[in-house]
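Just so you know, the sequences run in chain order A and B.
For the first sequence, this note's numbering assigns the number 49 to the initial residue and increments by one for each residue that follows.
For the second sequence, this note's numbering assigns the number 11 to the initial residue and increments by one for each residue that follows.
The next block holds one structure in the form of structure tokens; read it before the comments.
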Amino acid sequence: MLLNLPILPAPLTVGQTFVQELVRGKLLEHLLASLWRVAASTVLAVLTAAPAGLLLGQSARLNRIFSPLIYLLYPVPKVVLVPIVLLFFGIGDFPKIIIIFLVLFFQILVLVRDQAAAIRPELIQSVRSLGAGRRGLFRFVYLPASLPAILTALRQSVGTAVAVLYVAELFATQRGLGYYIYLNGSTLFNYPAMYAGIVALSLMGLGLYFGVDWLERRLCPWQTAH
Amino acid sequence: MIEFVSLTYAYPDGQTIFKDFSWGVQRAESWVVLGPSGCGKTTLLILLAGLRAPLAGQVLIDGKPLLRPRPHTGLILQDYGLLPWATVRENAALGLRIRTFYGPDGKHAPDEFQPAQDVDPWLSRLGLAPFSDQYPGQISGGQRQRTAIARTLALQPDLLLMDEPFSSLDAPTREGLQRLTLELWREQSLTLVTVTHSIEEAAVLGEKILLLGQPPNTTPAVVENPGGADAEFPDSPGYFALVRDLRRRMAAIE
Chain A
49 MLLNLPILPA
59 PLTVGQTFVQ
69 ELVRGKLLEH
79 LLASLWRVAA
89 STVLAVLTAA
99 PAGLLLGQSA
109 RLNRIFSPLI
119 YLLYPVPKVV
129 LVPIVLLFFG
139 IGDFPKIIII
149 FLVLFFQILV
159 LVRDQAAAIR
169 PELIQSVRSL
179 GAGRRGLFRF
189 VYLPASLPAI
199 LTALRQSVGT
209 AVAVLYVAEL
219 FATQRGLGYY
229 IYLNGSTLFN
239 YPAMYAGIVA
249 LSLMGLGLYF
259 GVDWLERRLC
269 PWQTAH
Chain B
11 MIEFVSLTYA
21 YPDGQTIFKD
31 FSWGVQRAES
41 WVVLGPSGCG
51 KTTLLILLAG
61 LRAPLAGQVL
71 IDGKPLLRPR
81 PHTGLILQDY
91 GLLPWATVRE
101 NAALGLRIRT
111 FYGPDGKHAP
121 DEFQPAQDVD
131 PWLSRLGLAP
141 FSDQYPGQIS
151 GGQRQRTAIA
161 RTLALQPDLL
171 LMDEPFSSLD
181 APTREGLQRL
191 TLELWREQSL
201 TLVTVTHSIE
211 EAAVLGEKIL
221 LLGQPPNTTP
231 AVVENPGGAD
241 AEFPDSPGYF
251 ALVRDLRRRM
261 AAIE
């Protein structure tokens, strides 16, 4: 009896609805809107958190000054900031991007910082003895060393980022998978479409994981070549 | 070629390692710095490389005070000196790439430096050609040290500094690399300074052996070993006598 409830449609029904919604409906549009938000916040987070992490990892003094602040902010679930961010940045894509950015920023910052701080002094001395100054060390040591940390941070954050994306898309928008799932599940009671949205969300997460793996094989071949 | 003039150096925690220490090395000599751990032998090499500055006194190379790493000095450390994300060929070319990156400015690269990245002759010379596309994590310790040697020699140094270069290797690999080092030392007319805690390595590589004791070191204790650095020396009675003598002196220090 439980299985016949409309809130639990058969997988086949969900599959059919998924294809229909994707081809004829607006699901693809919502998916792309969500994907754009995730991609934009990822680029923004990498471009800001990686240099900041490198700086803190290289300078014990800066790290002493900033790490209390980081550890204070890092554990705060960024979802709680949704109302504040919406208040400050209004409607549109930007506040959603900022929320996901905050999730990714701290994860990347901490991992890149630890990676930069863990570079062996012997390696630094060797490369300095080859003639590298500050710029050379950055280009030939710190930058390539931080790449795996960035990718690890991204992989670890995909789940959280998608969860936060969903919450962020509940507010002040009519585009995105969060909006689509909520609309179909709680307003239109179109459960097969709601599940189709959930499938799209999980496929997007899967795609992001694959994307990170692909980048890792391309950018860090030494990690997989054993 | 190298002159330590009344040099004084202390660790940041205040422990004095060298106090009014004077010492000299002639061009094309092969020196070994021997001593127990904590005697300051690595510190001596770091000072020689220009990676640290003395608190007082001077390090002179070719009569000029050493203020920063010098383009014609090569440094090889025990391990961890290779970029784990770069292949053997890329690691060997790293010094040349850094020079190309800065250009011939006389500081990071010699004034007469011509941008070049061809390290293949060095890879073949050191038997690394078959591994040139592999990463440091995929090759043996001996091959990693060969890569470090190729990288350093590709820069055509006149002074080569090595810190415990072979101590993590097994005996046959170590002996092979010691022979190779001496061969290259002669062929490239290098000045060689090797730091080690191994008495046998000191006897094999050093024409002159500088013994360091418990710090602070004030006057250098030098053991002459004119037969050392000779291919047949390790099989001669002189070698065993020297090893015995060094062992006695080391025991007296500790």
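The beta carbon of each residue, even a glycine, is placed where N, CA and C say it ideally should be.
Note that the structure is predicted; figures quoted are calculated from it, not measured.
Listed in chain order, the positions of the segment 179-206 of chain A with a beta carbon within less than 9 Å of a beta carbon of chain B are GLY179, ALA180, GLY181, ARG183, GLY184, ARG187, PHE188, VAL189, PRO192, ALA193, LEU195 and PRO196.
Cβ contact annotation for LEU121(A) (same chain, cutoff 8 Å, sequence separation greater than five): PHE154, in chain order.
Neighbours of ARG109(B) in chain A, taken as residues whose beta carbon is under 9 Å from its own, are LEU178 and GLY179 in chain order. In this model, LEU221(B) and GLY34(B) are separated by some 14 Å (Cα to Cα). In the three-state reduction of the DSSP assignment, VAL233(B) falls in the strand class, which pools E and B.
Going by beta carbons, LEU163(B) and TRP41(B) fall outside the 8 Å limit.
GLY84(B) is bridged by DSSP to LEU170(B). Contact of ALA59(B) with chain A is assigned, a C-beta pair being separated by under 8 Å. Taking 8 Å as the CB threshold, ARG168(A) lines the interface with chain B.
Straight-line measurement puts the Cα of ALA58(A) at about 11 Å from the Cα of THR65(A).
With respect to the 8 Å criterion, ILE86(B) and PRO175(B) are classified as neighbours on the basis of their beta carbons. For the pair GLY226(A) and VAL215(A), the CB atoms are nearer than the 8 Å cut-off.
Residue environment analysis places VAL160(A) among the buried positions, since at least 16 neighbouring C-beta atoms fall within 10 angstroms of its C-beta. Any Cβ of chain A closer than 8 Å to the Cβ of PRO64(B) would place that residue at the interface, and such an atom is absent.
Using a C-beta cut-off of 8 Å, the segment 76-86 of chain B makes contact with the segment 174-190 of chain A, since at least three inter-stretch Cβ pairs fall below that distance.
Excluding five sequence positions before and after HIS118(B), the CB atoms of its chain that fall closer than 6 Å to its own CB belong to TYR112, given in chain order. The three-state reading of DSSP puts ASN227(B) in strand, counting E and B together. Interface criterion met: the Cβ of GLN173(A) is under 8 Å from a Cβ in chain B. At a cut-off of 8 Å between C-beta atoms, GLY24(B) does not count as an interface residue with respect to chain A.
Around HIS82(B), no beta-carbon contact reaches into chain A at under 7 Å, the shortest distance being about 10 Å. For TRP262(A), none of the residues of chain B pass the 7 Å Cβ criterion, the least Cβ distance being about 17 Å. In the DSSP secondary-structure assignment, ALA20(B) is bridged to THR26(B). With a threshold of 8 Å between beta carbons, TRP84(A) makes no contact with chain B. Using beta-carbon distances, PRO140(B) does not count as an interface residue toward chain A, since no partner is under 8 Å. Beta-bridge partners assigned by DSSP to TRP41(B): VAL203(B) and LYS218(B).
In terms of beta-carbon proximity, TRP41(B) stays away from the interface with chain A, with every pair separated by 8 Å or more. Each residue's CA atom was taken as its position, placing LEU44(B) and GLY151(B) some 23 Å apart. Within the same chain, and ignoring the five residues on either side of ASP141(A) in sequence, the residues whose Cβ sits closer than 7 Å to its Cβ are ARG85. Looking at the DSSP output, ILE71(B) shares a beta bridge with ILE12(B) and LYS74(B). Contact between the segment 186-195 of chain B and the segment 208-224 of chain B is present: three or more C-beta pairs spanning the two stretches fall below 8 Å.
According to DSSP, residue pairing for GLY34(B) in a beta bridge involves GLU13(B). Of all C-beta pairs linking the segment 161-169 of chain A to the segment 97-113 of chain A, three or more are shorter than 8 Å, placing the two stretches in contact. Among the CB atoms of chain A, one or more fall inside 8 Å of the CB of PRO79(B). Per DSSP, TYR90(B) lies in no alpha helix (DSSP H) segment and is marked neither H nor E. Out of THR110(B), ASP23(B), PRO225(B) and ILE159(B), the CA that lies nearest to the CA of GLY48(B) is found in PRO225(B). In terms of beta-carbon proximity, TYR145(B) lines the interface with chain A, with at least one pair separated by less than 8 Å.
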